[in-house]
Amino acid sequence: MKKNKKIFLLISAIIIISLSLIFKYKTNNEKVKTPKLDEISSITFIRVINDRGVEKREVYKKSHINKFLNIIKDSEKTKKISISNFPDKEEFIIVTFKIKDGGFIISSIYEENNSIYFEQAFNDIFKLNYNDNLYLLLDNISQENNKEDISVNIEELLDSDF
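Following UniProt numbering, the numbering of the sequence shown begins with 1 at its first residue and continues without gaps.
Next comes the structure, spelled out in structure tokens:
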């Protein structure tokens, strides 16, 4: 009888641990993945219209970077999945996180049906809980007044160092 009780307790413990790990994986998988504030040296926003970059903004201030991170972290995962580098939209914004240790993380933001979406290339798409339009969002984040008009083909943007 003691042997059966030990086996039952062992199996119960394994099941509880397995369910806990599955639950933890599922809940972590529902959140947007971003670099930590201390890992980011800047964020570049490039407005793209018809496959051409037309406006560039760079954000360096930690408070502005943190504001953007908080906006995208407060988002809901959609059932959509990203299948390319950029969304299939005429107009969107490329978001490039420049990492202090080198390299970039490229995502994008776009508007659809009066909602704003954050798309991680070849990964997930998240709906932002933000009520204003996309350009008010950028104005709210990048108060450094460093808009720059550009005219660059989207393929050239991928080859650049932003």
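Backbone N, C-alpha and C define an ideal beta-carbon position, used for all residues, glycine too.
Would you kindly work out how many angstroms separate the C-alpha atoms of Arg52 and Ile65, rounded to a whole number? 25 Å
Around the C-beta of Glu39, are 16 or more other C-beta atoms found within 10 angstroms, so that it is buried, or is it exposed? exposed
Please determine, among Ile94, Glu91 and Ala121, the residue with the shortest C-alpha to C-alpha distance to Lys80. Ala121
Pick from Glu76, Leu19 and Val54: whose alpha carbon is nearest that of Val152? Val54
Buried versus exposed call for Lys5 [16 or more other C-beta atoms within 10 Å across all chains shown]: exposed
Thinking C-beta only, is Asn131 closer than 8 Å to Asp74? no
Looking only at DSSP bridge pairs, what is Lys77 linked to? Phe126
Between Phe97 and Pro35, is the Cβ-Cβ spacing less than 8 Å? yes
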